[in-house]
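**Q** Handing you a structure now.
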Amino acid sequence: MNRPWRRHGRRFVQVVLRQDDVRRFAGCPPVAWSSYSFERREDGERAEIHYVQEVGPPDAGDPGPVNWTGEEVVGFKLHLPSRILYHNVRRLEDGLPGNAERGNILAWEQWLEDRRAGTPIRMEVRMDAQSILYRTLWLFAGAFAAAVLTLASATWFVLRRARRRIAASRQAVAPRPRST
């Protein structure tokens, strides 16, 4: 859990969970309210990952005396490792389709009142099977190769031109044979 922080005078806390296999979260009591599906699909040359999380009702229990109004927002955020092909994020304010943050971060939000009432959330994402890191490394390798090629070409051009000038100046300075 990260340190609590404040925004607009309200306190927030963020819980970060890490797991090698996301399907194993169903056995973790704090998040056992969810079921997880994670599968790879291949269609010819294209491969994609299909992730579905069904968030069901939370465990029943009384949190004790709290200062909740029910208008607080509960969010489920996924930081995805590759390009997003499809998602079903909806904006909390108007229910319209939402967007990915910074290219590969998705957030599903729900009012605390709805979360406590057990209103389900279906989180669905289809993404490239190839990671952004893999593509980025190839992009940097290509850019590096292009820079080296440009530098080598410029050096070759300058040296070639210098050799021609030196050869031309030697011919101009060389003594001419005398005719008798």
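Heads up: the sequence shown begins at 8 in my numbering, then just goes up one per residue.
Cβ atoms here follow ideal geometry from the backbone N, Cα and C, with glycine treated the same way.
#1: Report buried or exposed for residue 115, applying the criterion of at least 16 other Cβ atoms within 10 angstroms of its Cβ.
#2: Name the two residues that bound the continuous alpha helix (DSSP H) containing residue 178.
#3: May I ask you to report which of helix, strand or coil DSSP gives residue 123?
#4: Which same chain residues, not among the five before or five after residue 138, have their C-beta less than 6 Å away from its C-beta?
#5: Just to confirm, is the Cβ distance from residue 96 to residue 119 under 7 Å?
#6: Could you say which of 60, 29 and 53 lies nearest to residue 42 if we only look at CA atoms?
#7: Counting only runs that start and end within the region 31-96, where is the beta strand (DSSP E) found for 3 or more residues in a row?
#8: Is the region 100-114 in contact with the region 149-156, if contact means three or more CB pairs nearer than 8 Å?
#9: Reducing DSSP to helix, strand and coil, say where residue 29 ends up.
**A** Based on what the coordinates show:
#1: Your numbering for residue 115 matches position 108 in the sequence shown. With 16 or more other Cβ atoms inside 10 Å of its own Cβ, residue 115 counts as buried.
#2: Translated into positions along the sequence shown, residue 178 becomes position 171. Residues 139-180.
#3: For the purposes of this step, residue 123 is taken as the residue at position 116 of the sequence shown. When DSSP states are grouped into helix, strand and coil, residue 123 belongs to the helix group.
#4: For this step, residue 138 is matched to residue 131 along the sequence shown. Counting only Cβ-Cβ distances below 6 Å, and skipping sequence neighbours, we find 88 and 89.
#5: Numbered from its first residue, the sequence shown carries residue 96 at position 89. Numbered from its first residue, the sequence shown carries residue 119 at position 112. No, Cβ-Cβ distance for residue 96 and residue 119 is not below 7 Å.
#6: Taking the sequence shown and counting its residues from 1, one reaches residue 42 at position 35. When the alpha-carbon of residue 42 is set against those of 60, 29 and 53, the nearest one is in 60.
#7: Unbroken beta strand (DSSP E) runs of no fewer than 3 residues, entirely contained in the region 31-96, are found at 41-50, 53-62, 80-86 and 89-94, following chain order.
#8: Contact between the region 100-114 and the region 149-156 is absent: fewer than 3 CB-CB pairs across the two stretches fall below 8 Å.
#9: Your numbering for residue 29 matches position 22 in the sequence shown. Taken through DSSP and simplified to helix, strand or coil, residue 29 comes out as helix.
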